[in-house]
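I have placed the structure first, in the form of structure tokens, so that the comments after it can refer back to it.
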Amino acid sequence: MLGLNEVTLLGRLGADPELRFTANGKAVCELRLAVPGSRTGDGEPAPEWVTCVAWEALAEACAQHLTKGSRALVRGRLATQRWEGKDGQPRSRTVVVAGSVLFLDARSAGRRDPDDEPLE
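Each residue of the sequence shown is one higher than the one before, starting from 18 at the first, in this note's numbering.
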């Protein structure tokens, strides 16, 4: 099967990044990104909320440089997470696994990609 799984999002964080560490010590950071959605009755775009997940060095950079309201450009791929809820029911959600994040605010302007140096 031939396919393409690539996502590019431009938006603002709706909350501060949530940095956690796995049992193995890997950093993981969740970003709640508001991107323009479909227009409402008054013509204004309603936000679509997208959860983006960054790992390791990128996760730590996001937690350090982004805050609620920060603008960011996220490039990554779609992934579905599955688990069993406390009630025993299956649960799932689709997230964007970030490959790179461009920090767009002046105080944090610069790209942080695990394979790239930050831009000055």
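Backbone N, C-alpha and C define an ideal beta-carbon position, used for all residues, glycine too.
Predicted, not measured: the structure shown is a model, and the values here were computed from it.
Rounded to whole angstroms, the separation of the alpha carbons of Ser87 and Gly105 is 37 Å. Contiguous beta strand (DSSP E) elements confined to the region 19–43 occur at 24–30, 35–38, taking only those with 3 or more residues. Taking Gly31 as the centre and dropping the five residues before and after it, the same chain places the C-beta of Arg49, Ala51 closer than 6 Å to its C-beta, in chain order. A direct Cα-Cα distance of roughly 22 Å separates Gly58 from Gly28.
In this structure, Val45 and Leu95 do not form a Cβ contact; the two beta carbons are roughly 17 Å apart against a cut-off of 8 Å. In this structure, the CA atom of Ala74 is about 28 Å from the CA atom of Gly20. C-alpha of Ala89 to C-alpha of Cys79: approximately 10 Å in a straight line.
With a 10 Å radius around the Cβ and a threshold of 16 neighbouring Cβ atoms, Gly102 comes out exposed. Judged by DSSP in its simplified three-state form, Glu47 adopts strand. Under the three-state reduction of DSSP output, Gln81 falls in the helix class. For the set Thr111, Arg92, Val91, the Cα lying nearest the Cα of Trp100 is the one of Thr111. Here the C-alpha atom of Arg108 lies approximately 18 Å from the C-alpha atom of Val114.
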